[in-house]
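Following: one structure in structure tokens, then a few remarks.
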Amino acid sequence: GLPAPPTYAKVNPADQPILTLAVTSKSMSLTQLQDAANNRLATKISEVPGVGLVTTAGGNVPAVRVEADPRKLAAYGLNLDDLRTLLANVNVSNPKGNFDGPELNYTINSNDQISDPKDYEDTVIAYQNGSPVFMRDVARVSTAAQDVERGAWYNKTPAIVLNVQRQPGANVIATVNQITSQLPQLEAALPAGMQVTVVSNSVGVIRASVSDAAFELVLAVALVVAVIFVFLRNLPATIIPSISVPVSLIGTLAIMYELGYSIDNLSLMALIIATGFVVDDSIVMIENIVRYLEEGDKPLQAALKGAGQIAFTILSLTISLIAVLIPLLFMGGVIGRLFSEFAVTLAVTIVLSAVVSLTVVPMLCARILRAQAERHPSRFERVSEGLFNKTLDAYERGLRWVLDHQMLTLIVFVVTVVLTGLLYVVIPKGLFPVQDVGVLQGISVADNSISYQAMVRRQSALAEEILKDPDVVSLTSYVGIDGINNTLNNGRFLINLKPHDDRSETADAIGRRIQQSVAKVPGIRLYVQPEQDLTLDTTVSRNQYNFVLRGPSQEAFQQYVPALVERMKQIASIRDVTSDLNTDGLSVNVEVNRQLAARYGITAATIDNALYDALGQRIVSTIFQQSDQYRVILVAKPEALPTVESLGDLYLPSQTSSEGQVPLKGIARISITRSPLMISHLAQFPSVTISFNLADGASLSAAVRDVRRAEAAVNLPPSITSSFQGAAQAFEDSLTSEVYLLIAALVAVYIVLGVLYESYVHPVTILSTLPSAGIGALLALMIAGKDLDVIGIIGIVLLIGIVKKNAIMMVDFALEAERVQGKPPREAIFEASLLRFRPILMTTLAAMLGALPMLLGSGTGSELRRPLGLAIIGGLTLSQMLTLFTTPVIYLFFDRLAERFGRKRKPESERGGAPPEPEGTP
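Position in the sequence shown (from 1) plus 2 gives the number in the working numbering.
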């Protein structure tokens, strides 16, 4: 036949439960709890605006269970198949039509439904010697759970767990607040003795993360304003560019609202970074206007001259910065979807900042600023101005020396390019930083053929040990086969930790501590990892990273997978290596003598039905009620089949036997064998998953490399293929996409600058500032012991937009000096460098201090923002020291190159000679 259709899962972080509730009771059964939780509590919660789905876990759905004794049935000449047919026929709900009389129409009903277990017990199933045989004579009927091999616990108490998911786009905080505010009324409407406990919700983590990010945002604004005041030493001149920050951010929030965005870690990260960007354009504008005021111009004249001179520069800065974000906006894959909102938020803020700097700032300067009056400067002004002048003098001397030793400077530039490439190759790489959201996920694994009751005992022992940890607040645990657990020997935990500020260790460290403490629990092993806000895995795995092998059959793995697992356990960069290859599960094999079975008229289907009737918790009928529907379950009494050998006492209907039935042992041999508990498939092929975590200090890139080496050492046959899945697969894909992202950003900036300057050469001069920024970012990450992950790459991409501002300001003024004043290139670039030294220093410090709170942040969600702050501050620090000297030299180098190839013809005298003193220094 045709192969089974593929299954797929859509991964959306918004689908994670926003609220988890536990329903417990000391006086009610779990089936009663399940009924009330499902029909009363879950129904009411699902009516709350913003709630998308409410699911229950615990598996104790009420049902009527009919537990039959096969021997007693056989004594009356009956078997399980007869009982199944009877149960299906005595409880029905079929349409009966209506009676249409001469005057009235009647709906026809009957008592064809049986819902009370006592009524089932009183049902006549046969007659023996003229006497009725009741169901109670051969079976025990009770109201119990539909699946008795599934359960959930809150801490150590059996519970029904409700998971609430939001609708797409719904506000998490508003939705959770509405539910929790209604919980007292909802609990009061439940039967007496039921308690509803909030196990966990996303509001605390979100509020803590947003609060921490908001503090970083306010601190960034304060630091940026301080930079402006220190350099301009003028309160009105400080206030004007500071206005651009709230105006741009408020405008961005309004557009985010219209686009349906929400405030989350990524959008807040964009707003924090934008704080440094937003003020840059205003700084450049007001610094130029203040310079004309210092030279004696009136405010209106200074505003017009300054704005007219700098407008094209600001336009170049803005368009080229947005060009950097274009590849991020259109980046494909999961990572592109995650960061598109980040890029849009940043782009909108940058555009609004440019509009403010070109309109509001010049207008305010003309109205508020006044011409410099003769007054005695304050001590602060004297100290800050003296410090700046000393810095400018030192830069001037250094620049003169560099222009006299251009070849050496070019060699330094080439070295930075080479080092950038080398550092990118050798730096450890990862996907995302490990976040601490205050929740641990645990997967427990016991012996392959453990029974449900034994698994429950071991799971309870683990829970008791976990709750002893001082940083654990509560937990929920689950046992049984459901949509997440695939085998009975697997259980899972969700462990809630104390708030971030109330504990001294990270979630990852606590998880490892718990793993060590529960190692003494016999017969079971626990794998723990921190839950992540940004998750790319479609399944719950024992460890964070998965390596999957595909082959033609399960037998093909038995030779190679154990060897590969053992070799991977020797790898220093990974730990907790395990596989889901289960080939030694206990299995009962029923080997049928087909010739003998045919003699009795028994088919394989008859045997399968008898076994399923006895052991499969078979649904044989449905009881329909007004609010819900309940199943009728047929199963053999556990005490009637105490051993594997007792399966032979199951009786099968036979048309040729004198007694009308034959015991299973009469036509089949029953034996115990070993077989896989489960056979996983990937792309329709049998598969085995080997999962692992990273060792302390190890990078994902090193782990991926080492796993591939171990795979090569095992010499897998061509029929077995391998691939990483989930986060590890996304990491492998990101290695290529990150390179494309950087190249696309460079190309986009080059094209935009080429159009703006109508030149092939000047964009290269501007882009020459980037290698030094790359070295700084990579060195900062390496020194801090951080991997180059997606967040770090985003930081480097943003550096492309930030660092080139310095070169744009230099090149713009140099080109204008050449074009308008007729100055030779060396003199023009020398004066431009000195003239723009103050705004370059101001914008760089503003961007650095804007990123500083992200670097120093330690609250909830700070793990995600820290690599971005590291990359930006490290890149800006080194690039600031180098590009102030290398950019003028490269400008002159390309000027000579253009002249040599006929692009520009000037007398040699215009390019030679020592640089003169600048006409005016800021």
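Even glycine gets a Cβ: it sits at the ideal position worked out from N, Cα and C. Keep in mind that this is a model prediction, so the values were computed, not measured.
Where does residue i land, buried or exposed, given buried means 16+ other C-beta within 10 angstroms?
{"i": "Pro19", "result": "buried"}
{"i": "Glu289", "result": "buried"}
{"i": "Ser860", "result": "exposed"}
{"i": "Gln597", "result": "exposed"}
{"i": "Val428", "result": "exposed"}
{"i": "Gly922", "result": "Per-residue confidence for Gly922 stands at a pLDDT of 40, beneath the threshold of 50, marking its modelled position as unreliable; the derived number appears in the next sentence. Exposed, by the Cβ-count rule."}
{"i": "Pro170", "result": "exposed"}
{"i": "Gln546", "result": "buried"}
{"i": "Phe101", "result": "exposed"}
{"i": "Val416", "result": "exposed"}
{"i": "Trp403", "result": "exposed"}
{"i": "Ser479", "result": "buried"}
{"i": "Phe233", "result": "buried"}
{"i": "Phe279", "result": "buried"}
{"i": "Arg868", "result": "buried"}
{"i": "Val135", "result": "buried"}
Assuming residue i is part of the alpha helix (DSSP H), what are its boundary residues?
{"i": "Ile20", "result": "Where Ile20 is concerned, there is no enclosing alpha helix (DSSP H), given that its DSSP letter is neither H nor E."}
{"i": "Arg515", "result": "Ala509 to Ser519"}
{"i": "Gly206", "result": "Ser204 to Leu234"}
{"i": "Tyr426", "result": "Gln408 to Val428"}
{"i": "Thr845", "result": "Phe839 to Leu858"}
{"i": "Leu758", "result": "Ala729 to Tyr759"}
{"i": "Phe815", "result": "Val792 to Gln823"}
{"i": "Thr58", "result": "Per DSSP, Thr58 belongs to no alpha helix (DSSP H); it is in the beta strand (DSSP E), Val53 to Ala59."}
{"i": "Gly876", "result": "Ser864 to Arg902"}
{"i": "Ser68", "result": "Sequence inspection shows Val at residue 68; the Ser mentioned does not correspond to that position. Unbroken run through Val68 is the beta strand (DSSP E), Pro64 to Ala70; no alpha helix (DSSP H)."}
{"i": "Thr33", "result": "Leu32 to Ala38"}
On a Cα-Cα basis, can you pick out the residue from the options that is closest to residue i?
{"i": "Gln130", "options": "Ala712, Ser31, Tyr78 and Gln148", "result": "Tyr78"}
{"i": "Leu464", "options": "Gly153, Lys158, Leu783 and Gly852", "result": "Lys158"}
{"i": "Gly195", "options": "Gln461, Ser29 and Leu499", "result": "Ser29"}
{"i": "Thr508", "options": "Asp484, Val523 and Asp473", "result": "Asp473"}
{"i": "Ser246", "options": "Met287, Lys46, Asp121 and Ser318", "result": "Met287"}
{"i": "Val50", "options": "Gly153, Gly60 and Leu188", "result": "Leu188"}
{"i": "Thr351", "options": "Asp814, Leu323, Ser864 and Leu32", "result": "Leu323"}
{"i": "Val813", "options": "Gly824, Glu833, Gly797 and Leu800", "result": "Glu833"}
{"i": "Ala309", "options": "Glu297, Thr320, Val292 and Pro869", "result": "Val292"}
{"i": "Val200", "options": "Gly513, Ala215, Val212 and Gln184", "result": "Gln184"}
{"i": "Ser659", "options": "Leu425, Ala670, Leu261 and Tyr602", "result": "Tyr602"}
{"i": "Gln518", "options": "Leu477, Gln561, Lys470 and Tyr562", "result": "Lys470"}
{"i": "Ser864", "options": "Val207, Asn203, Gln461 and Asn41", "result": "Val207"}
{"i": "Thr182", "options": "Leu23, Ala172 and Leu884", "result": "Leu23"}
{"i": "Pro890", "options": "Gln560, Tyr294 and Thr767", "result": "Thr767"}
Go through its chain and collect everything with a Cβ distance to residue i's Cβ below 7 Å, but skip five positions before and after it.
{"i": "Ile285", "result": "Ile230, Pro243, Pro841, Met844, Thr845 and Ala848"}
{"i": "Met680", "result": "Asn488, Thr489 and Asn584"}
{"i": "Leu872", "result": "Ala782, Leu783, Ala786, Lys788 and Leu857"}
{"i": "Ser359", "result": "Ser246, Asp283, Ser284, Met287 and Ile316"}
{"i": "Val567", "result": "Val579, Ser581 and Ile692"}
{"i": "Ser250", "result": "Val280, Thr351, Leu354, Ser355 and Val358"}
Assuming residue i and residue j form a contact by the criterion Cβ under 8 Å, report the distance between their Cβ atoms to the nearest whole angstrom.
{"i": "Ile793", "j": "Pro301", "result": "At roughly 44 Å, the Cβ-Cβ gap does not stay under 8 Å, so Ile793 and Pro301 are not in contact."}
{"i": "Gln36", "j": "Val63", "result": "6 Å"}
{"i": "Tyr529", "j": "Ile445", "result": "5 Å"}
{"i": "Lys639", "j": "Glu123", "result": "Actually they are not in contact, since the Cβ atoms of Lys639 and Glu123 sit about 14 Å apart, beyond 8 Å."}
{"i": "Ile274", "j": "Glu218", "result": "5 Å"}
{"i": "Pro501", "j": "Gly432", "result": "Actually they do not touch by this definition, with Cβ atoms about 27 Å apart."}
Could you give the first and the last residue of the continuous beta strand (DSSP E) run that contains residue i?
{"i": "Arg620", "result": "Arg620 to Phe626"}
{"i": "Gln663", "result": "Gln663 to Pro665"}
{"i": "Arg577", "result": "Ile576 to Ser581"}
{"i": "Pro532", "result": "Ile526 to Pro532"}
{"i": "Asp102", "result": "Asn100 to Asp102"}
Under 6 Å Cβ to Cβ from residue i, same chain only, skipping five residues before and after it: list those, please.
{"i": "Val520", "result": "Leu464, Glu467 and Leu528"}
{"i": "Ala65", "result": "Gln148, Tyr632, Arg633 and Ile635"}
{"i": "Thr109", "result": "Asn100"}
{"i": "Asn41", "result": "Ser629 and Asp630"}
{"i": "Ser575", "result": "Ala697, Ala700, Ala704, Ala705 and Asp708"}
{"i": "Leu88", "result": "Ile127"}
Which same chain residues, not among the five before or five after residue i, have their C-beta less than 8 Å away from its C-beta?
{"i": "Ala779", "result": "Gly794, Gly797, Ile798, Leu801, Leu872, Ala873, Ile874, Gly876 and Gly877"}
{"i": "Ala216", "result": "Leu270"}
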